[in-house]
Each structure stands twice: as C-alpha cells, then as structure tokens.
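Notes to accompany the following structure.
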Amino acid sequence: MGNFFPRWTNWLVLKLAIALFFILVGVSLGVSYYFTPKYTRVGYEPTQPVPFSHKIHAGQLGLDCRYCHSFVESSSHSNVPTNQTCFNCHGTGKGNIRSNSPKLEKVIQAEATGTPIPWVKVHKVPDYAYFNHSVHVNRGVSCVSCHGKINEMEVVRQAEPQSMGWCLDCHRNPENNLRPLDQITNLNYDASQLDRATFYKGLLDKGVKAEEIAAEIPGGGLLEKAPDLQQILALAEKTYGGAVAQQEVGLQLKKHWQVSPPESCAACHR
Amino acid sequence: MKRIWQHPQEPKTGRRYWRSVGELERRSEFMNKLGVEFPAGDTMNEEERDNSRRDFLKIMGASLGAMGLVSCRRPLTTILPYTKHVEWVIPGKPLLYATAIPKPNGGAQPLVVTTHEGRPTHLAGNPLHPTAGGGLDSFAQASILDLYDPERSQRPLRHGKNGVGWSSVNRAIRAATESVSAKGGEGLAVVVGASSSPTFTRLLGELKKAYPQAMVVEYDAISRDALKAANAELFGADVLPVVNLSKALRVFSLDCDFLGVNPVGADSVKEFMVNRDADKGVDSMNRLYALENRFTVTGGFADHRKPLAASLIPVAAALLAAELGGTQVSALAATASEDLKTWVKVAADDLKKFQGKAVVLTGSGYGAEVHALVATANQALGAFGTVIDLVKPDTVTPAGMLPDLVAAVRGGKVSTVVALTPSDLFYDAPGASALKDLFKDKKVSLIHWGHSPNATARHSDYHIPAAHPLEAWGDLRTADGTYSIVQPMIQALYGGASAIEVLLALLGKKKLGLEEVKPADPAAPPAPAPVDAAYAAVRETFEKIAGGLDEQKWNLTLRDGFLKGSTFAKGGSLNAGAVNGIASKATVLSAPTAEALEVVLVPDSTLWDGRFASNAWLQEAPDPITKLTWDNAAWLSSKTFQGLGLKEGQMVKITVGEKSISLAAIEAPGHVSNSITIALGYGQTKLGFVGSNSDGKGRGFDAYKLRSDANQYVLTGAKVEKLDEIYELAITQEQNTMEGRAIYREATAEEFKKTPDFAQKTGMDGHIPQNISLYKGQVDRKTPENPEGFDYENLHQWGMTIDLNKCIGCTSCIVACQSENNISVVGKDQVRKGRIMQWIRMDRYFAVPKWGKDEAESDDVMIKPTAEQLENAEMVSQPVACQQCESAPCETVCPVNATVHTEEGLNAMAYNRCIGTRYCANNCPYTARRFNFFDYNKRPLDELYMGPLSTPSKTGMRESLQLQKNPNVTVRMRGVIEKCTYCVQRLESAKINQRQKQRDSKNFRVPTDSVKVACQQACPAGAIEFGDLGDEKSAVNKVKASPRNYQVLKYVGTRPRTSYLARIRNVNPDMPNAAAIAAWSGKQF
Amino acid sequence: MSTTLKRVHGYLAEFENVHDLYHAAEHVRDAGYQRWDCHSPFPIHGLDQAMGIQRSKLPWLVFCGGITGTTTAFFLQYITQNVLYPTVVQAKPITAIWAIPAWFPVMFELTILFSAFTTLFGLLALIGLPRFNHPIFASKRFAKFSDDTFFVCIEARDPKFSQEGTKAFLEKIGGKHVELVEDDI
Amino acid sequence: MESTATASNSSAAPIQPRVLDREPLVLNNRSYSWITNRICGIIENKQPMLWWILFLPSVVLTGVMAFCFVYLIATGVGVWGQKQPVAWAWDITNFVFWIGIGHAGTLISAILFLTRQKWRTSVNRAAEAMTIFAVMCAGLFPAFHVGRVWMVWFLAPVPNANAIWQNFKSPLLWDVFAVSTYFSVSVVFWFIGLVPDLATLRDRCKPGIKKTLYGIFALGWRGANRHWSHYETAYMLLAALSTPLVLSVHSVVSFDFATSVVPGWHTTIFPPYFVAGAIFGGFAMVLTLMIPCRKIYGLQDLITAKHIDNMAKVILLTGTIVGYAYCMELFIAYYSANYYEGQAFLLRALHGPSVPYYYAMFFCNVIAPQLFWFRWARHSMFWVMVVSMFVNFGMWYERYVIIVTTLEVHMTPGAWRTFQATWVDKVTFLGTFGFFMMNFLLFLRFLPVIAIGEVKGVLPQSNPHHDPHQEKGIQEEDLMDYPDRHVAKTVTA
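Protein sequences, first through last, are from chains A, B, C and D.
Here the first sequence is numbered in the working numbering, starting from 9 and rising by one per residue.
Here the second sequence is numbered in the working numbering, starting from 42 and rising by one per residue.
Here the third sequence is numbered in the working numbering, starting from 2 and rising by one per residue.
Here the fourth sequence is numbered in the working numbering, starting from 1267 and rising by one per residue.
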C-alpha cells in the first residue's frame, strides 16, 4: 500500500496554522475597529422630524446654546426646547419670522394638538451611566468637547464616541478641555483667541496668589519672590510662546478651580 | 465616514426592544392622565430614560444578538419635550412639595414629597414641622406605593362589576340625596372613619344641617369607641388628652404600644427620644416601665418589662392607681399576685419622685375603667397640664356607632348608606358576613368609597374609587392640632375622589370623576383650571382657622406644610366623680389558665387594620417582633407552645365561645403563658395578587371573625387545639439568639457610669492585635505616615452612626430604603427561601440573663434557654446594612472590579459590571449583600420559576409601578449583586449642586449635614446620623466621639464607616431582679 | 505504471529484539554513518549513546517560553492594575512593590502554560512532525515498527552510502530482510 | 530486570541462597505483540454488552445536565437552592469535587514519572483521560454558576471601549487562570503521550476514515530514535511542569476560601489539606474506574494486584493526611482562642444545622481508608472498591461541609439560614457524572486505555543488556499469591 497519506499533506498543517494566524489577527483587528463606539456611534446622523438647522441658528445667527437648552447649567440633562421657545421668534404676533414656513408645519401642529415632536435622540449615554450636564458646563467643559461643532452641522451628528474610555481620557487629563466660563458656549473657541493679560488678571482678581499661578507654569516654581502680573506674562510667553496655549489655560484652571474629576464607579454608576 | 440613517416609519408591531420605550410610553394610558395637568411631554421622556434603564440589558442583549447589525442599526429613541413649559419644572431636577397624609389611627403625618416631572417618587417627614417633624412610620413611608398600586380600585363599580361610568355614580348620589331630602334626610346614613380633617368635619356638619334626620355613624375596625366614651365622661365631650412625652422622665405603660401602633401624641417616638440621649448624662434620661402580654416595640425598648396577661391589666391599673394615691379599687387590686404588687410598688415609688414629669399610659383598646384608673394615676402624678395637655379639637363630630346603624337597618329605617370609612365593613365589622346579608335583605343601597376593591366594594351598589392623599385637595391636623393643607402632587391617576369630594357631591357641590376635567385646549391661551370644589372648601376652612384668607399666609402654609400656631385650644379637666363612677363598674378578671386562655387582638404592625393589605412593601416588611412577612399567626408563649408540642407554623384551632378560627402558630419569646396574640387585618380574599394569594385565598388568617363587638381586643375563655397541618410561614430570621457574639452591645446606667467606654472593650474588641503589616493601605486619615489614607481635607468622607439607644426596631427605614433605591419585592415564597431584597436587615435578638436549664447553671450560651427564661427574655433590635468598610472584604474577591472603593470611603457597586459570582456576598461578615436570584422586576412573582415562559401579559414591570421608580437609581436585573450605597445618588447630586453654586471657586464641601440619606430621613427616633467625617462640625463626627460608639465585628479589621452606639438601660436598682437586666451583655465575645 | 521514476531513500534492516538492535546501532555508529536512524516501538534505554546522539536542546526553548510567560503575566498585571486603571480594593496597596504578591499565582500559571506549549511546539519543530508522508512508510514490513519489530535505516543521502556496501554491511551486523526503500517522485 | 538477573543465577548455581523475587510489572513474560494485541483489541473488537449498558444512560444523563444548565441560564440562579447567606452551595462544591478528582491523573503521570515509579505505566493513560474529563465537568460549574453568564467574558483581560480591567487580587480570577492552564497542560501532556500509540493503531487499521483520523493525530510518527530522544526530554519536561502545576491548582482553589474572612474558611492549612484531599479523591476515582476495566477487558497481567496495592497505599497515606487536617482544624479552632473560629467548628461538628454531613465526611475519609492497613484488604478487589466508593462520597461531603455548613452560620447570627438543595441542584450534579462517564467510555472505545509504548518499555526484554537467548519459562516459586495468576496462565505468548 505504501504511503497512506499523499505527499502534499506534509505541508498542510503548517499552511493551515499560518492561515489561521492571519485570520485571527484579521478578526481581532476588525472587531476592535468595527465593534467599538469609535465606529458604531460616531457619525450617527438620523433624520429629524423637523428640518431644524443648528448651522443657521447656532452658526449664522449665533444664538447662544442656552437660549434653547435653557436648563443645561442647572439640570442633569440638557432640555430640548418647548414650542413656546420656537414661537418666541417664529410665532405669529411675536417674532413673525417665517411664521408660515412649511418647515414649521410640525411645530405648529404640535402646538395645536399638544402632542410633543418626537425628536430622535442622537447622543445616547447608556442608561446605567448618569451623566450630568450642569456640573460640566459650570466647571469649564464646553459643549464642543462632547458634541463637536454643532454650529457647523445642518443635522446634528454624533462627533465623539462617548464611550467610557473616552470619558476617562478627559477625567484623567481635564486640562485639555478646560476653558474660561465665559467661553463655554463659544463653539469656535480656541485658546489662542484669549488675551493672556486678561486671563491672568482674571485669575488674580479671583484672589489666586500670583506665585501659585506662576507655579503652574513650567519653570515658574523657581521664582524667588512673589511675581507680579508682568513677570507672569513674561514667563508664560517664554514657555508657551506668543499665543495662549490650551495647556496653559487648562493647567491654571485645573489647579485654581480645583478640578478633580472622579474616576470611581460611583461617580457615574448608581 | 458620514453615514445617514433613514429610520423607517415604525411598524405597528415589532420587537419591543427595537422600539424605544419612550414610544411605548406614548401609547401609555398615562399620556392623557398626566397630560392634563402637566402638558404632555417630559414625564414621558423622563419615563423613557428611567424605563429603558431598566431594560438596558434587554437592549444590550438585542444589539449583541444583532451583532453585525449593531454598526448600521441602532435602537431609535425619541425625546419628547414639553409643548408648553411647566411652571417650576426643570427636567431632570426633582421638585419638592410639602403636604400631609392621615395616620391610620387619626392625626396627621406631615410630608415632603419628591416629584420627578410630576411623578411623586419618595416621601419624607417634614423637618420644619413644629411637633410632628422628622421621620415617618412605615405606613406613611409606604403609602407612595398605594398611589401607584396597579390593583387599587381604578374605576367605579356597580355591584362589584366594571363598566359603569362616573356619570351614573353622580346620578346615584343625586338620587340618594334627592330621595331623602324630603324627609330631612331620614333614611340616609353616612358611615365615616375617625378623621382629623377640619374640612371633612365641617362638611359633615353641613350635611347634618342639610339633612338633620340623616344618620352619621363613625366606624373604624381598630375602634376607639371605649376610649372616646371614657374620655367624654372623664374630661367632657369635646376634650381630648394629648400626651407630650418630651416632658416626661418616667413613663409607665400598661400595654400601651406608644412607640408602635398606639401613639399617644403628635409624634410619640420623637418626643420620647428627646430625653433618651445617654451622652447627655444618664440621670437626665427617661425610664420606661412596661406591662404587656406580648412583646411590642415599646416593651422591647422598655427599661423594665414584665409579661402580664392582658386580662390582668385592669388589676395592674388598680394597683398603680392605689400606689400613686389615686382612686382605690381594692376589689381589683386585691386579686394581684405578690410579685406583681412588688413590681408595681417599686415602679410607683420611682414615678412619685417625678411629680409633673411622669406619666402612665394605657392601650386605647382597654375598657373605660382602665382609662379612668390611669387618669387618676396621672392626676396624682400631676401629669395633666404638664405631660398631658387637654385640648378641644374641632375634628370630633357627634356620631353614632356601628350597632346603632345595624339596629336602624334592621328596623328598616335606612334606605341608603354612604360608607366613607377607610375600614372595610363587610370584612372587619363584627359579624361581617351577617351584616352583608342584612344589607341585602333590607335592600339597602350602599354607596362605598374606598381605595381598594375590597369586600365592601365588591358588595356595594356603587363603589367610588378613592383618590390618594397625594391626588386631591384636603387638610389635616396633627394630634396637637397643627394645621396642614393636603395639596395634590399629581392629577388623580384614575380620577378617584377624596372623602371630602364625596361629601361635596352629597351636598351637590361637585361632580365626581374624570368627566369634569377636560384636556386643556392648547390652541387657547392657558386658561386657569376650573376652580376645584374641594380646593374651595379647603380654602374656606383655612379662612376660618387662619382667621381670614390671607393669600400670603395660604401660600406660606402650602410651602411650609403647616400653619404656624394653629394648635388646638387647651381646656377641660379631669372629672373626679366620673372616675369613681366608672371604676366602680370594673369587673374582676382572673388570670387566664391553660383551659381558658385569653386571646389578644392587636392592629398589625404592617397592615394596621388590613387597609394596607395590597401594599407589597408593607406585606414584605417583617414584623418587628416575629420577623414574619406576608402572613399573620397566633403568637404563643414558649410554655404554651411547647406544652402543645407544636412546630413552627403548625395550625391550631382557637375557639372563643361559639366562634372559632384555625391559624398557624409560632413561638413568641417574651409572651405570657396561656395567652394568645393575633394580629388583625389578614385573611382578606379576592384582593388581587398582593393582597391575597394568587388563588384568591386570603394571606394569613382573619381574626376579626372572633370579635362580636368592634371594641373587643381581649377575649377570655378561649380554647386552643392542635391540628396536623403545617402552614408555611415566611420568617426572615431563623436565629433568635446572638449566640454570645458581641454584635449588639448594651449596659445598665450604672455600668455605663462606671465604664463609659464599655462598648469598646466588650468581647474581643478589648484585645485586638496591632496591625503590624508593612503597608497600611488605604485606611484612616491621610497623614505623612499614612500616605495612602483617605483625604479628609479636600474630599468628603461619608460615615454613619446608628444609636441603638434610640432604635426601636420599627421597619420604616427598611421601607424608606426600598422606596428610595428601587428595591424589588420578592414575594412570600422567595422570602421563605431567604432571598429577601431589603438592603436593611432589622436583626431582632432575644436574650436571657442566664442560659442553661436553670438560673444556677453556667453561662454557656450554646445551651438553649428554657420556656420560663424565654418568657422573661429581653428583646433588642439592630438594623444592619452595608457598613461601608474602609477595608472591605467583598471588594478584593470580585474578579471583575465590579465593587471597588471610592476616594470618599464608599464601597461602590457598579451593577452593570457585576457578573454575579456572589463571592462578595460570601465574604461579607455582615451578610449585607443581596443577590437578584430572579428577574424580580420583570417576572410575575408567582411565575419566577418559569423564566422566559412566564405569561406575557404579566411579564414586565407594571406601568404604574414604573412611575414610582427613582430615576436616579438603576433598576437591577437578575444575576447582579446589590447593596446599600449610602444613597450615593443623593451624595452625588449634593456635590454637583455645590459645584454648580461655586463654579470657578474652590470650596466644594457640601454644607454641613445638608445631605440626608433615606433611612436617616425616615427614622422617627432620629437614631441614624449620617454626614461628612471630614467636616468637624458635622453631627456624625460629634456622635462618633461618644464613648458608646463601637464597630460591629471590629476584630475582623474591616474598619466599617458605619458604627453603632451601645444601648443604655436606665435600670431602677430597686426593681426585683434588676441585676439580671442586660446581664447577658457582659458575657459576649 | 511500472515505469514510474523512483528515488532511493535508503536501506531498511530489521531486528528481532532490543539486544540485537542495540549492538547493530553501535556497529553502524562505528562505521561512521551520519544519516541513519533506528526505529523502535518504544524508547530504548541507552540507545542514544549507542547511536551517538547529542542531548536535546528542547529544555532551552522551554526555559525561554517560561520566562516569556512570567514576563507576560507580570506586565499584563502591572499595566492593567497600576498604569491603566488602578483601583483600591479592601484597602490593599496599588503600588507594584506591595501589590506584587497578589500577582504571583497568575505569573506562575502563565509560566507553566507558556512552557507547556513551547514544549509541544518545540518538540514538533525539532523532530519535524507532523509529517504524514514519509518514504520509509513505503516499506510494507515497516508497519510492524509500532508493534514488536526493530529497524535500522541508513539513508541514501549518507556520504558513505553505497548500493551494495551498505546492504552487505547491514546483513553483516545481523539485519534481517534488508530491503531497499524507494519512494515515488 | 533484577528479577530476571537473579532468576538466571538460580538456574546456574542451585546451591546459592535464593534472593526473593521482585514482582514483575507485567506478569507471564508477555511479549510485545501480545501487549499490542491485547490493548488494541479493546478498540478493534466489539464492545462488551456492559459498555452499552453504561453508555446509553450516560448519554441521557448528559442531555439532562445540558437541559438543567439551559434552564438555569434562562431563568436565574434562583432555580438552585442558594440564598443569603449561602451564596455558594452545590455549584462550587461540585466544582471543587471534580477538580479534586482531576488531580490523580496528572499526579500519576507526572510525579510518579519523576520519581521513576515504573508501575505508573499501566494506569497513567486512563488516569490522565479521567483528569481531563473531570476538569471538563469541574469547569462547567464556575462558568455557569455566575448570575449573568453572557457577561462572563468580563473575566478575560481584553482591551475594551470601557477601559476597565479585571481585579487580579481576586482568588476567583486566579482560579480562572489556574483551571484553564491546568486543563490545557493536561491535554498537551495526554496528547504527547498518545502519539506513539496512535501510530500503533494507525499501522494496524485498514485504510479508511479511522486510519485517516488516527494517522492525523499520530502526526506521522515513525518511532525513529532521533525522535524518541527529543520526545523523552519533552515528556520529562512536561512532567516537571505538571508537578508544581498540579500542586498549585488546588492550592489556588483553596485560596478561594483561605483568603476570605469567613470563620471556617480563613485557614492557612487549606492548600496542603486541599491538595492531599484531591490526590486522595482522585486515586479513589482511578480505582473505581480501573478495577472494573481490568476485569472486563482482561488486563490483569498489565494492571496487576501490585498496582492496586500501591494505589491503595497512596489512598491510605493521603487519607491520613486529610484526617490530620480535620483534627488540626479543630485544634486550631480551639487553640486560637478566637471565639468566632471556635463557634464555626462547634456549629459544624456539634450543633449546627448540618452536623450529619460532618460525620459522614469524617467516616468516609478518615475511618474507611484505615482498612488499607491490612494486606488482604488491599488485595481484595471487593474491599478496595468499597473503600474507594466511600472516599468518593466522603470527598464530596468534605467540600459540602467546608462550603455550605460554614456559610449557613456566618458571622452575624441574625442572618443565619439553613440551606436546602433543589431538584435542579441534584439533577445537575448527577448529570455531570453522566457527562464524565460518557467521555470515559468513549475514550475506552477509541483510544488505548493503557500506554502501549510505555508498558513495552518496562518489560525485562526491553533492556538492551538483557540477553533474549537464554529465556526462561515461568518458575513455580515465582507463583506467589497473585490472586489473578490463573487468568494469566490461560493466555499464551
């Protein structure tokens, strides 16, 4: 009978092993991309019942976010405005702005029947995670940080994965997202737009000690005597260059507002 | 990668979890209900959030199931905003209202109600209230569940059947009044319960005016007629004695459970605790003597307790009166046994020393002679005007009693009966079934108003569903008379009517039911809602009481929840002559014997007279004494029990005269021999799933059947015989003794004086070896030596103390916790299997001074005590929840990091990370962790074992119950561990609010003691302190400084954040066997 | 089919018992053959010396495998517990130096696991198995190697191999049924 | 081999005093081919009736077990008897029981191999198989006892979007690693041992599916000595690795209890005590399986009375260690003067809810094995069977006592509750036996129950220095009292 197995079988096992290896690598790569929020959530852009354009309202017209989402600073979740808010401008006898535009049809209808407009939820934090808007916007975290540049979106789209890992990134290094409170709803904000002098003056006016401020600037700890504003500015300029840097702002605010985001379960899960 | 989802139009049918629950809610019956008062919207949105929180695994499961799909499909969830903005409502923030609800035994419980987008979710006491402020009892705490009870009566019934509208009810009422109006109301009878609502009383008066011939009858199952009669004779018709225990240093209770179901003042527990603080010096501590036939929370808390048959209470009363120099009734006193004489004498001597600071109390169920004797005793003690105030309430109406009505009906003088009493005539009235037939024979048309479709409702011509106190306008007065307005939190879910509204309807001032309320027309500018007649009526009463209708005053009263300085007028005095008159009528009773036992009927600690039978929280709240849930049973003394050779739960047949019932028996330590105690209120049939068994048979046993008169509480000459059947009882505690372990610690006042820190030396705490390990780990305060310790400077450090010298073992903290933390009810069967979910376990231990066969024998705690010893046992109760150990054994064993420690010293629990290995539960020395053995929130409790095959219609949480859930707490699914978290949701929101205020400044410490946890809020005795250990000013820090402060199982080294304060028994050294009291506590390890 | 080209694999000689095989092996070794082998149903004590085989290198491979396991386990735990998300449980220290005792069990287990698999795959690598098709299987008699017969096979690739010489040599040292093993190309 | 050496002397010079023979490992000078035929015969011939009588019920039981687990997962852990405070009961009891049984195999193959105990050769294959199947049964319980089985992947340290990891301080996680390692290593060890025998089977069957399968798993083994030399090193290495592993696995299992704070669990004696117990129970199970096997398949010449005798001795030894542990627990409980510790054992042994279990355990594990002090007992198959049966039960009781009766009386008396098992508990456990038996019977059916190659290796004629030409027949004085000698007589080499 001779050899029972043909010769080609000799390499079969090795070939299979190699093939299997590549398959496994492929699968794990695929899963880690296609099955994580980075892919499954970001870019979610459902059609809304009413063709409301954030681009026009928040972008061109420059409405402040808080005009409609009025409770964002005081409540856990940022409320969707009532019809009354819409009619402040669009209502007949009020603003009269395009009060008869067909786009408003659903709103008028809702007003008439009293049944709410079913807006489609775009940013959905899992139900067992308790996110609180107010504590973020009151502590220097802007809308942009989580929702992206809404003012450039015709229809709202999810811009960030909003996964637990993503949350933790910021909770561990808040300085990358902190900004002065008056800039919270400025969606085009960039640290470089800040005037360094006013920023540090603001801190000093809040009663922060100058040396403490200096201590937050690399190399600032070395100053022998309490510096004045000019020295601080000089120091900052030396370290961060002409334009104000996000790091610069972030570190100062983190220190002087005592921003210490919690990392323990109880902060978000109850 | 911009991908646009075109969500399809929702098909009519579809996999439930693919539809957002929000949309489900849009079909919900509550849409229009809530929609009326709160224009449709965020209630639903809120609902959707908290609802789908419950379903998070459903959704997760679905998306996992769909796997690949996940990336391109995602469950569509909608946000439904308000169409019009609602005053005060900020979506996501709770809104608090002050109001009040009636206590089952009269008086009022002032409340602060938490509402989320118009849903009342949690009740708490009103801390501002001058007299009844602070905690609440479990009845009040649980009444929020009555509001959402899916089985409460929801629509009018005709002969117990559905299908009759409100209009016909209104017609019936009109007919009833019109028919009798000619004859000045003759033929009309109104049955009311004892009410403390001025408006109700006023309207009743108006009714009497309108129909002079109409008959007004007052009936309560837990009747106080005897007391009322006695009071009328002793103090005058319109005078009531109100006891303020905060003024008493010596209290003698003749079977008066004033800490439990028989309060004697506005807030007896709170008042009693005023003088109970051992750290203020034991000499200023009050002392409690108790004589009772069974253990009550009062007796358990007494410094001196003697078991005494209820039939002998009059004897004791006579003795006491004689000793104190009151009226002498030698006929009674003579019959007393010697040891009783000495016992009472010594106690009396002690009382005498406290003229004007001592008081004698007796159970409201006892006969007039007892009340008379007690009155003289109090007179002798100078209690009147000091401890006892005589007041003239405006809430008593001259009314007949049930027998009058029965007679009238029998005589055919009554054609229409309107039943407004919360009691259930055809269930709890003496000879209920006979009464029912009588009504039928005499063709009496019965219009019944009630909260649940109970026996009377089912056999009435018309049943009017009652509105919950949170649903309608009304008003109430606490025992001392402080006036509170009852304001609605929510549109009546089922359009029920309040008793006041029914009266208004009888007066033709109001139409009942939903028809009246039409959905606000959105097109028109928001018109003011039509003025509610009840609202008007309450304002009218307010005008009288407040002296003028001052809007500001009205609003203040609404805001604060009470009207300042509105207590009853004082007046009246004891009429000595009457005393002798009554006392002379006293009949001599002999002590019960094995042949002729006595049966004592008591209101149930959880169901009261049975009106709470369909409240699942109360059904599952263990009885403070027997730890029995879902049933009642006959309590027998160990001697009788062992004498009959009974097993736990064995059925016995009890015969009194020709009446007899058979029910399960349990052995009750501390119970007098030849005496049987039975709790009333059980055995109601066809009361739905909670109120009665799924087969419609009653839960427990109906003891009303033994009564032939509503005032009968002590029945003598009873026979008991043993039956073979064993009834399955769900008792939450198997082990009655502490096995000599130093879990609960107490000492007498003397010992405490000698060694104030005895509690810290008890047992093994005296000799705990030093921790010599090289690293200290994250424990204690952070210092240079202990770098890993907790940061007390910059962070909150939460801690709790429980003062065992104040805890009476009532279950209201358990219920409060259940309401705040969405804890599921597991049902009788699961309780029997030891799977009760309540996060707080109220341990109740019995202890005897010496163990072993006889007094002489050794201190070996492992020997079972004898029947005699058990009869004189002492009872202590101790609430145990998660102790938030700094070094928590449960944490280290969790393989997935589902439970870890927070920097604030909390033992955090992430439900959504838990896989349910249950290792933590094993490793918890306090057994404080609970496991969801089944989907208690999803599966019907009688089909738990059917899993996914459970009846679809019964599967899933009932819509109305969903409304009650606290949106800030995850509703746990099966397979995860849960436990007390120190109400972390409250702590987090407190911190967040503080940050909102501070914004860009530094100070984030929550204001001292501004955050309270649910159990602390609920505790009527104020035994629980909670707060920030990092804040020197906080109350919890002060309390922890007490020498009585100790940690349970300290030697294990878990370093719990919750610590206990040892109990001090204010023993009178002259009392017989005073030495034996709390002697057991010295023999602990 | 008789005209198919064949390649000579070598000579296969058969022996009855261990004793004979052992001495035969010694002869072959002394004769200076390189590419040859003995085939037996079970390992024979001392035959390695008789054939002059070096000690196996496998232990070194396994040692490396083991070390890999230990380090993997250590870094797995160090990184997850100390770098990525440190959590405090039962007040236990999170700094590596104090936490390391808790890591020993997993470090140990992974060491064993990695070693074991290195042993398996190392062995297969060293002995070039699995190889299902081998010229020697062409011999029908060879099938008995796994039962009770012992073989010596000298391969044609051996420099000292010769058609006649080797055959004679094998017969001289007591080999029975000396046959030429060929396999198809 | 000494035996043959002395024997030859005796034939040469009759006057010399006779050196007492050492019992040969294989009786009746069986030849290689006899061994091959006998062992492969089991696989190649039809299975005896008894095989089917045992096999079919096992399959049914396996099905029942599967059903129970499905029911459990679909409904909830509540279908078991668990409650507060007894959060672990039969599930973990069975886990520890099975994992314990799983220790004998590796022990026999590894430790006895390192200690050059040649007698292991005829039992190690079956024991290893048993190990693997026992570990499979054991693994089922920790996997399915969790509340949310579908979340069990949380135990695997894989990077995830939640950026959260496991707690490597948890003994339970150590368990995961230990048990899975133990299983994989045992399989590797077993497989490597099987390769040469699979080659034997391959060479014996006719071309066909069977030959293909055997062929594949034989990896083309051709018995070359250059392979054998690597092979033996590998085998030795694996033995050296398994030895500490087998000790570690049950130590880690015992950590689940020893590292807790529960009185009655928190004991330093646990690791050695558990390991001893495991070996104890494991050997008992080996005996329970091998004694019928050798009878049914007529393997008395390979699995001789000597083997049984040795294993009985091991049982006696480990049983005594276990007994010592029991007493030591009690002593420490008393000597520690820790009230709670003392109570835990008083309640366990005197007046707790589950006292009977304690005494059942004590009798089965400590008293019963003492029978093995007597040679007749060790040599009577009946008594050996009886005792090993006792031990099998006793070891389950031991785990039950340790786990359940301890938890029933935890630290706070207010929470004490007695445990009652449900039908699901019982049927599931029974089912695992079916699963175990099914696997083992299939193993008998398709794989060599005895390591052919290894047994051949220990025959006297396998020694190159043993001269085959002066073979001697069986001598009468060799006929010492081997109870099953006559069976061997009938067979001819």
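No residue lacks a Cβ here, since even glycine has one placed at the ideal position from N, Cα and C.
A quick note: this is a predicted structure, and the numbers were derived from the prediction, not measured.
6 Å CB neighbourhood of residue i in its chain, flanking five on each side removed
| i | result |
| --- | --- |
| B:R1098 | G840, Q925 and G946 |
| B:P463 | G234 and R652 |
For residue i, three-class secondary structure by DSSP
| i | result |
| --- | --- |
| B:V1047 | coil |
| B:R499 | helix |
| B:S1030 | helix |
| B:T519 | coil |
| B:F79 | No answer about B:F79 holds up, because its pLDDT of 35 lies below 50 and its placement is not dependable. |
| B:S703 | strand |
| B:P355 | helix |
| B:G711 | coil |
| B:R822 | strand |
| B:M1112 | coil |
Cross-chain neighbours of residue i in chain D, by beta carbon under 8 Å
| i | result |
| --- | --- |
| C:H178 | Neighbours of C:H178 on chain D: none; closest Cβ ~17 Å, over 8 Å. |
Contact set between residue i and chain A, taken where Cβ atoms lie within less than 8 Å
| i | result |
| --- | --- |
| D:C1428 | One detail in the question is off: residue 1428 of chain D reads as Asn in this sequence, not Cys. Here the neighbours are S171, M172 and G173. |
Residues near residue i by beta carbon distance below 7 Å, same chain, minus five either side
| i | result |
| --- | --- |
| A:P59 | K111 |
| D:M1551 | I1367, A1370, M1396 and N1658 |
| B:L169 | D601 and G602 |
| D:F1399 | F1702, N1705 and F1706 |
Proximal residues of chain D, C-beta to C-beta of residue i below 7 Å
| i | result |
| --- | --- |
| A:T44 | A1427 |
Same chain, Cβ closer than 8 Å to residue i, neighbours up to 5 away in sequence not counted
| i | result |
| --- | --- |
| B:D344 | R328, L329, Y330, R1106, N1107, V1108, N1109 and I1118 |
Contact list for residue i against chain C, beta-carbon separation under 7 Å
| i | result |
| --- | --- |
| D:G1489 | H40, S41, P42, F146 and S147 |
Contact set between residue i and chain C, taken where Cβ atoms lie within less than 9 Å
| i | result |
| --- | --- |
| A:R278 | Ordered by position in chain C, no residue passes the 9 Å Cβ test against A:R278, which lies about 18 Å from the chain. |
Listed by chain order, chain A residues near residue i by CB distance under 9 Å
| i | result |
| --- | --- |
| B:R1036 | S142, V143, N146 and R147 |
According to DSSP, residues forming a beta bridge with residue i
| i | result |
| --- | --- |
| C:E156 | C:G11 |
Proximal residues of chain C, C-beta to C-beta of residue i below 8 Å
| i | result |
| --- | --- |
| D:D1469 | A144, K145, F146, S147 and D148 |
> What alpha helix (DSSP H) runs, 4 residues minimum, are completely inside the segment 1409-1468 of chain D?
Replying inline: Positions of the alpha helix (DSSP H) runs, each at least 4 residues long and wholly inside the segment 1409-1468 of chain D, cannot be given because no such run exists.
> Which ranges does the alpha helix (DSSP H) cover as unbroken runs of at least 4 residues, wholly within the segment 1527-1607 of chain D, from first to last along the chain?
Replying inline: Segments of the alpha helix (DSSP H) lying fully in the segment 1527-1607 of chain D: 1536-1562 and 1571-1601.
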